[in-house]
Every structure is written in structure tokens, then in C-alpha cells.
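S.K.:
Number of protein chains: 2
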Amino acid sequence: MVAYLRLRFLHLLHRCVIFLPKRCTLLIDHKGPQLKKRLFTPGPTPVPESIMLKMAEPIIHHRHPEFTELFTRVNENLRYLFQTQQPVLTLASSGTGGVEATFVNLFSQGDTVISVNGGKFGERWVKMPRAFGLNAVEIKTEWGKAPTADQILSALRQYPDAKAVYLVHSETSTGTATDVKSLAKLIRENSNALVCVDGITAIGAHEFRFDEWGIDACVTGSQKGLMIPPGLAFVAVSNRAIKAMETSKLPKFYFDLRKALKSYEKNDTPWTPAISLIIGVDAALQLIRTEGIENIWRRHQRLATALREGIKALGLRLFSDSPSYAVTPVWVPEGVEWKQFNKILKGKYGITIAGGQDDYTGKIFRISHLGYYDELDMVSMLSALEMTLKECGYPFELGAGMSAAQRVFAS
Amino acid sequence: MVAYLRLRFLHLLHRCVIFLPKRCTLLIDHKGPQLKKRLFTPGPTPVPESIMLKMAEPIIHHRHPEFTELFTRVNENLRYLFQTQQPVLTLASSGTGGVEATFVNLFSQGDTVISVNGGKFGERWVKMPRAFGLNAVEIKTEWGKAPTADQILSALRQYPDAKAVYLVHSETSTGTATDVKSLAKLIRENSNALVCVDGITAIGAHEFRFDEWGIDACVTGSQKGLMIPPGLAFVAVSNRAIKAMETSKLPKFYFDLRKALKSYEKNDTPWTPAISLIIGVDAALQLIRTEGIENIWRRHQRLATALREGIKALGLRLFSDSPSYAVTPVWVPEGVEWKQFNKILKGKYGITIAGGQDDYTGKIFRISHLGYYDELDMVSMLSALEMTLKECGYPFELGAGMSAAQRVFAS
Chain A
9 MVAYLRLRFL HLLHRCVIFL PKRCTLLIDH KGPQLKKRLF TPGPTPVPES IMLKMAEPII
69 HHRHPEFTEL FTRVNENLRY LFQTQQPVLT LASSGTGGVE ATFVNLFSQG DTVISVNGGK
129 FGERWVKMPR AFGLNAVEIK TEWGKAPTAD QILSALRQYP DAKAVYLVHS ETSTGTATDV
189 KSLAKLIREN SNALVCVDGI TAIGAHEFRF DEWGIDACVT GSQKGLMIPP GLAFVAVSNR
249 AIKAMETSKL PKFYFDLRKA LKSYEKNDTP WTPAISLIIG VDAALQLIRT EGIENIWRRH
309 QRLATALREG IKALGLRLFS DSPSYAVTPV WVPEGVEWKQ FNKILKGKYG ITIAGGQDDY
369 TGKIFRISHL GYYDELDMVS MLSALEMTLK ECGYPFELGA GMSAAQRVFA S
Chain B
9 MVAYLRLRFL HLLHRCVIFL PKRCTLLIDH KGPQLKKRLF TPGPTPVPES IMLKMAEPII
69 HHRHPEFTEL FTRVNENLRY LFQTQQPVLT LASSGTGGVE ATFVNLFSQG DTVISVNGGK
129 FGERWVKMPR AFGLNAVEIK TEWGKAPTAD QILSALRQYP DAKAVYLVHS ETSTGTATDV
189 KSLAKLIREN SNALVCVDGI TAIGAHEFRF DEWGIDACVT GSQKGLMIPP GLAFVAVSNR
249 AIKAMETSKL PKFYFDLRKA LKSYEKNDTP WTPAISLIIG VDAALQLIRT EGIENIWRRH
309 QRLATALREG IKALGLRLFS DSPSYAVTPV WVPEGVEWKQ FNKILKGKYG ITIAGGQDDY
369 TGKIFRISHL GYYDELDMVS MLSALEMTLK ECGYPFELGA GMSAAQRVFA S
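Chains as they are written, first to last, in the working numbering: chain A, 9 to 419; chain B, 9 to 419.
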């Protein structure tokens, strides 16, 4: 009997070792049934579960009434998002393709455009027009600093024939916001230049009023404030911009906005649209209308402020002088090694953030609060940040960041 | 007691009328709990359920190892799909954007390219190069007819400096297949022109061997043989094509394939990729590898043949002289009105097909068998076709089409 029990015990032990499901390893390593993942990157941003499931429904055809009905609603709600009565064109491309569409449709070879370069994206909007033979005048600002009225005015005086000024509303690489409202007014009052805005990480986070502010072209992407996966760009165009298309001589076909405008009038697209993503945008825009665009701007401001108060309470330094409500860059504190820090944050807490780019690789990290986030997400983020910093040997009082954030929420 | 029962009966009756779920209306109108929908269009094509759910998983970031690992596998499997060792570049755009990328990267203003126009897409590949200042020589073929060797040879003799010949492997608007293998050989033997192929509805349906056949550029889209929603284009490029990029002077940025090639080497993309669609392509390519590309070509030939035998057995006439394995266009029979026919097919049987385009609107209809289809799908399609034709008053023997298809399957 004893021998039998012993055998049975050994047999069971053997089973436990051999058939131990993989999940069990995770149960030992982490604090849940599996490592729960949280995305805090400024694009892609988390997609609401209800939208993921909507996009997983059987595909529909784009030249049939069910799509036309949906796309009509999308177009109406996009106008609401941009606060405009003007057309907002949907392109199957990343945001970069949307900005290219503004360059190739509004200008001709040799035209002068003024472009603010204060980070990776601003830099791209200088290189891009040059690739098309435009004379791109660069206003370079230090990373983390927004362009000033003086800089814009001086460029406009130096290049009075400038056909446009390009502004980046929220520069993703530096988490820096530009005062588009004031600068647009300034440009309008002092020139005939079109006001073109990279609103890629700003739309849905920062107050933006296309018509009221006198903007001529504004671009956003689907994987930002719109909370769906990447693959769509949206371009709002003013009547001045539409007029500029008549004389533009740069060659174009796929990104020909006159073709897009013609289709738009019938709530259609010139080429096959990215149907599943448009179904996602439809669902996202309904969520946005339900919450209300002004409430969404306020929520982003509130979350950004709380996160920053939390970060400051830990003794960390913020990177930007003019912080964006979409993303917050933070200096990696002295004594903390970025790679180790990021490894713990991701491996132990399942949190994906963005690192610094170019000269700031390893020197700053960027936490996004753009799109589908709430107060508890900010607390979770700060909690993971605190525990990671503690493990890296950085000295501070545990809980200080979270409490500071809560004080903002409670106020 | 009687009064009580009467009251109870009335109460129940009331409930039945008031709370009759909407679904019951459908039960009366149709033959299932709701109208089951079946898509038989040549793009978008049906998305396998397993892929829909895969794409609905939480989004991942594209500059992190989990995406790189996935995209490395995608790139390897795309080379298998195109039967090549050359790079296959993934762009966030529709197929039209992919073809534009070949024009703007391989040529310069004033270059001559020969383009076969035998339908809506061939027509587009004549208009597009002209928009970029290329000298596009058009070989026009009647709709439903493939270009002949003589036509290609004569154009090459007339334009010996032609930099490329563009062929449409499967012209979607006419369901017509071009013998790309033979024509590529002919072009190679008689000129230095690059062989560029619109493989948008052909890849995954027709035999295609990029390396063996000496193709220089081939484009497909995601919503075709790849069975996922639209929004991605794929461009395979030969070494001759890569060499041509060095001298091409057409302006480009978003579609700059040299940038794409540089990123490709690191299994990356220059701009934000359409992540969820790439996750779908990854799953689709795994299905494709499991089935085997040659088996997939055979399946498409088999389904196309069976459907056509079924259609002929009903006394209907096929439109194309050189039928594609991706889509079958059929003449609307005399005495049948297209709109009524389509309304019954869609409203009563839940089947979406494509109509004719341009001069053939209302005169032909197109049934797709491209992608995620099997034998029973063809039988279902023929069954709906038979019942619809019967309702339209078209005379034939019920079951004749389905039986003819089955005979092909049984052979």
C-alpha cells in the first residue's frame, strides 16, 4: 500500500512537471493570469474594445448603399471633430500621406512655403516639400520649445511671397504644443499665406476650430485621438485651399484632392477605401459625439495635468516648455539607465511607452495620454513608474506621484 | 376561472404583439434567423473569421520587437506568395497607390511606357503615368479580350526606347486574364523594357512566378487573394527595377521606394504601417502557406471552371474570351432586368455581386471566386442565381447549373 501511494505520488509529481501549462509560469512571474498589457504610446493609441469588435464584423462592399450610409455619417462627424463646415477628406494612407496631399495639391514647383521644424515631424515637413521642388523655408526651434509670433512674423517679412505656413499643433517627438489659434490669426493678418496644420496628434486632444480660427488645411491620422489602428489620414480643406488646387501644377494622382473632393460630394472615395478602418472611425466618432468634443479636450487637459503633477512630485523633470495634452516627455533621471528602466516597465508591468528620438534617445521617455484614457489609467501609469524607479534605485517617497495626480483629479 | 384564463390569454397576446422581437419579422421574410450575407465581389473579398478575430486583438506598437518579429515573417511569406527572393514592399495605401509607386520610382518625366488598356484598371494605368508627365503609349484592347503577342511586339518596335510595358494580369472590370508568362518572355527577348504587372486581382488566384518569369515590378492589394480588408498595397521589385530607381527623377516622398527598401532591410517601414491590417496579412499568409500556393492556384481554377460550367448550363453567356480565375463576368440574359435581378439576389438571398462598369453597366454582372471560397460556396452562388433567374421569368431547368458545377467537382 505504501509502495503504491509512493508510486502514485511520484506519478502525480511527474505529471505536474511535464504537463504544467505555460500559463503557470506566468502566474509565478507576474501578478495576473498573464501579463496584462497597457499601451501608453502616442500612436497607435489603445483601441476601445467595442470598436475592435465592430471592425471584426464581416466586411461590406464600398460601392453599396450600406457603406454610403455609414460614410455619410463619418463625413458629418469628421466635420464635427474638426469643427468645420468644410470637406474633410479621408485617404487610405498614414498621416504622412495626408500631409503630402496638402503639398502636392496646393502648390507648384518653386513656390515658397514656411515650415516650423521643432522635432521629428516638423523636420519631415521641411524635407517633404523640398522633395517636390518647393522652396521650403525652415523656422527651426529648439526641441521642446514652441515657435514664437516673432519667428513667424520675421519669416513672413523675409518671404512676403510665401504661399503657406506649416505649423505642427502637437509635435509628437517633443510633446510640445503650438498656439495655433494665435499664430493662425497672426499669419492671416500679416500675409496671404495659407495656414496649414499638422494636427496628427492634436486633433481630439487640443482645442481646435478649423473654421473659427481660419485654418486652410489640417491633417490627422486614425491611430491618434481617433483611437483606431493606423492606415487612414484625414485632410480638412478651406475654400482658399480648394481655390489653390486650381493652379497647383505638381504632379499627383493617388493623392489628387480634386478627385477626392468630387467623390466626397457623393460620400464616396476615388479609390478603394480602407473599409474596416472606416467602420472603426464611424464607431469612434460616435463615441466622440457622445462624450462631446469640448469635454474630450477638457479630459485630455485634466489627464495631462494630473500626470505631470505626479511626475513632478517624484522629482522628475518635464522636457517641454509648452507641454502638449497628447503626450508628456520626461527626462530620464540621473542614475537611472533608460534600457533597464524600459525593460522593467515593459517586462514586469506590461507597459509600453515611447523613448526619445535622435539626440534624445535614452535621455527622455514619452508617456501618451491621447485618446482612450481615463483617470485610473494615469494612476496605473504612475504606479508602474514609481515601482520601476524604485527598482532602478531612484530615491523618492512611494505613492508621492499617485497622490499628486489624485489631488488634481479631486480639485 | 374562465374570466381569469381569458384575461391571461389576452395578456399573453398583448405581450406577443408588443414585445415581438424584430428578429421575428426577419423569420417571416427570410429562411434563417436573419438574412445571411455572402460577398461575391472581386475586392473586398470575404475575410476568414479567424483573421477577423486576430485583427480585433489589442493593438501593438510598430517600433517594438513583437511587431518586428511579425513583420519579418510577413516579409518572408510575401516573397513566397510572389514566388520571389526579391523584396516585396508593404505600403499603407490601396492598390492604386502601389501602382503609382512603380511609376514615380522607376521613371522620369518624358520617359515612354507602354500600357495595355483593356478595362477600367488598364485605363487607369494609362491616365496615371500621363499625370506624372510620362509618355504613356496605350495598347487598347476590346473589353473581354487579352492583349496579343503581336500587339506588344508592334508597340515595342514602334517605341524601341520604351522604358517599360505594363500588363494587367487579371483585369477586374472584364474578368480577363493576360498570359503574363509568355508576354514577359517576349518583352525580355525583344527589348530592355521593364515588365511591370498589375497583379491586384491575380496574385493568389493565377499562377505567378516573379523570379522565374523575369518580372520587374508587381503590385497587389490586401483585399483580394490575400483575403483581408483593403488598405495595404504590396510591391515586388527586381534588381533591374531597383537600379532604375537610382536614375528616376520624378518627385516622391510618401511612395519613395528607396526609403521603403532601406526600412525593409530591417523589417520596418518608413512611415507608420497599418498595423492591424498587417496582423491580418500575417494570419492570411500563414493560411496560404498551409494550403500551399500551387494548391491555391488549382483551387481557383477549379472553382472558376465549375462556376462557368454551371452558368453555361443555364444558357447564360460568359463575357470574356480569356477568363480570369478571380472573377467571372456574365451577360445579363435577354428579358432579365439587371436592377430587379440584383435586388432579388441581394434582398432575398443576401448575395452581393458586382455589376458591369462604363458601357457595360446593366449589361453584365460579375461573380468573384477570389480568395476565401470553396466548392459549396460556388453551389450556393449557383443556387441563388437559379432561383433569382426563375423569379425574373428566365426559362431554364432548375438545378441544371448546380449539377453542371458538381460534375466538374466530381471529375
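The beta-carbon is built from N, C-alpha and C at its ideal position, and this holds for glycine as well.
#1: Compare the C-beta of Ser178(A) against all C-beta atoms of chain B and say whether one is closer than 8 angstroms.
#2: Does the beta-carbon distance from Cys204(A) to Phe90(A) come in below 8 angstroms?
#3: Does the CB of Ala282(A) have a neighbour CB from chain B at under 8 angstroms?
#4: How about Met60(B): is its C-beta nearer than 8 angstroms to some C-beta of chain A?
#5: Determine whether the beta carbon atoms of Arg325(A) and Trp346(A) lie at a separation below 8 angstroms.
#6: Taking only beta-carbon atoms, is Glu108(A) less than 8 angstroms away from chain B?
#7: Could you tell me the distance, in whole angstroms, from the CA atom of Val344(A) to the CA atom of Leu353(A)?
#8: Do His177(B) and Gly207(B) have their C-beta atoms closer together than 8 angstroms?
#9: Mapping the DSSP letters down to three states, classify Asp224(B) as helix, strand or coil.
#10: The beta strand (DSSP E) with Arg374(A) in it runs from where to where?
#11: Determine which residues share a DSSP beta bridge with Ile147(A) and list them.
#12: Which term fits Arg71(A), buried or exposed, when burial requires 16 or more other beta carbons within 10 angstroms of its beta carbon?
#13: What does the alpha-carbon distance come out to for the pair Asn275(A) and Glu150(A)?
#14: Give me, in chain order, the residues of the same chain whose beta-carbon lies closer than 7 angstroms to that of Lys260(A); leave out the 5 immediate sequence neighbours on both sides.
#15: Across the stretch 282-301 of chain A and the stretch 228-243 of chain A, are there enough close Cβ pairs to call them in contact, namely three or more that are closer than 8 angstroms?
#16: What in chain B is Cβ-close to Lys45(A), meaning under 7 angstroms?
#17: Please look up how many angstroms separate the CB atoms of Ser328(A) and Thr104(A), rounded, as I've assumed it's under 8 angstroms.
#18: Is the beta carbon of Asp187(A) less than 8 angstroms from the beta carbon of Thr120(A)?
#19: Where does Glu84(A) fall in DSSP's three states?
#20: Distance check for Thr98(B) and Arg138(B), CA to CA, integer angstroms please.
#21: Among Tyr272(A), Ala334(A), His214(A) and Leu47(A), whose alpha-carbon lies nearest the alpha-carbon of Thr76(A)?
#22: Excluding the 5 residues flanking Ser199(A) on each side, which residues of the same chain have their C-beta closer than 6 angstroms to its C-beta?
#23: So the beta strand (DSSP E) Tyr368(B) belongs to, where does it begin and stop?
#24: Beta carbons nearer than 7 angstroms to chain B: which residues of the stretch 67-98 of chain A have them?
#25: Determine the contact status of Pro52(B) and Gln294(B), defining contact as a CB-CB distance below 8 angstroms.
#26: Between Leu202(B) and Ala249(B), which are expected to be in contact by the criterion C-beta below 8 angstroms, what is the C-beta distance as a whole number of angstroms?
#27: Classify Glu179(B) as buried or exposed, calling it buried when 16 or more other Cβ atoms lie within 10 Å of its own Cβ.
#28: Relative to the alpha-carbon of Ile59(B), which residue among Glu383(B), Asp158(B), Gly379(B) and Thr313(B) has its alpha-carbon at the smallest distance?
#29: For Pro41(A), I'd like the list of residues in its chain whose CB is within less than 6 angstroms of its CB, leaving aside the five on either flank, ordered along the chain.
#30: What in chain B is Cβ-close to Pro331(A), meaning under 7 angstroms?
#31: Short of 7 angstroms in beta carbon distance, which residues of its chain neighbour Arg306(B), apart from the five on each side in sequence? Order them along the chain.
#32: So what does Ser178(B) bridge to, in DSSP terms?
#33: With DSSP run on the structure shown, which of helix, strand or coil describes Asp290(B)?
#34: Determine the direct distance from the alpha carbon of Leu269(B) to that of Ala100(A), and round the result to whole angstroms.
#35: Under 7 angstroms between beta-carbons, which chain B residues line up against Phe115(A)? List them in chain order, please.
#36: Buried or exposed for Thr255(A), please, with buried defined as at least 16 other CB atoms from any protein chain shown within 10 angstroms of its CB.
M.R.: Inspection of the coordinates gives the following:
#1: no
#2: No, Cβ-Cβ distance for Cys204(A) and Phe90(A) is not below 8 angstroms.
#3: At least one chain B Cβ lies under 8 angstroms of Ala282(A).
#4: yes
#5: no
#6: yes
#7: CA-to-CA, the gap between Val344(A) and Leu353(A) works out to about 13 angstroms.
#8: Against a cut-off of 8 angstroms, the Cβ pair of Gly207(B) and His177(B) comes out as a contact.
#9: coil
#10: Ile372 to Ser376
#11: Val124(A)
#12: exposed
#13: In this model, Asn275(A) and Glu150(A) are separated by some 42 angstroms (Cα to Cα).
#14: Val112 and Asn113
#15: yes
#16: Pro66
#17: With 8 angstroms as the limit, Ser328(A) and Thr104(A) do not qualify as a contact, their Cβ atoms being about 23 angstroms apart.
#18: no
#19: Glu84(A): helix per DSSP, three-state reduction.
#20: 25 angstroms
#21: Nearest option by C-alpha distance: Tyr272(A).
#22: Leu164
#23: Run containing Tyr368(B): none; DSSP gives neither H nor E here.
#24: Ile67, His69 and His72
#25: no
#26: 6 angstroms
#27: buried
#28: Gly379(B)
#29: none
#30: Here the premise fails: no neighbours, minimum Cβ distance about 22 angstroms.
#31: none
#32: Ala185(B)
#33: It is helical.
#34: Distance from the CA atom of Ala100(A) to the CA atom of Leu269(B), rounded to whole angstroms, is 21 angstroms.
#35: In chain order: nothing, as chain B lies at least about 12 angstroms away.
#36: exposed
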